[in-house]
Amino acid sequence: EIILSGWQIIRKAGALETVFKFHRTAKIEPGANVLVWSADIGASHEPPSNIVMKGQKWFTADNMVTTLLNNEGE
1 EIILSGWQII RKAGALETVF KFHRTAKIEP GANVLVWSAD IGASHEPPSN IVMKGQKWFT
61 ADNMVTTLLN NEGE
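Each residue of the sequence shown is one higher than the one before, starting from 1 at the first, in UniProt numbering.
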């Protein structure tokens, strides 16, 4: 199991940026997946596998970069 406290996903889409920080109790089991959804998508918030952001959305653009950083910024 990996504790995701302090981890974050950063999406840069053109001039726009979304930063999602995992809750301090979030964790992922071996072989599991975690999907992080935009608040406006209508997905069900069912942690730990489906997480819906509160009031945030993933921006899209022709040029996008999405980065997962651990709690040490790596």
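Even glycine gets a Cβ: it sits at the ideal position worked out from N, Cα and C.
Reducing DSSP to helix, strand and coil, say where ARG24 ends up. Coil.
Please list the terminal residues of the continuous beta strand (DSSP E) segment that includes GLU37. The question names Glu, but residue 37 is Trp in the sequence shown. Residues 35 to 37.
Quick one: give me the first and last residue of the beta strand (DSSP E) that MET64 is part of. Counting along the chain, the beta strand (DSSP E) containing MET64 begins and ends at 64 to 69.
Measure the C-alpha to C-alpha separation of ALA61 and ALA39 and round it to an integer number of angstroms. Those two C-alpha atoms are separated by around 18 angstroms.
Are the segment 32 to 46 and the segment 65 to 73 touching, with three or more C-beta to C-beta distances below 8 angstroms? No, the segment 32 to 46 is not in contact with the segment 65 to 73.
Determine whether the beta carbon atoms of THR18 and GLN56 lie at a separation below 8 angstroms. Taking 8 angstroms as the Cβ cut-off, THR18 and GLN56 qualify as a contacting pair.
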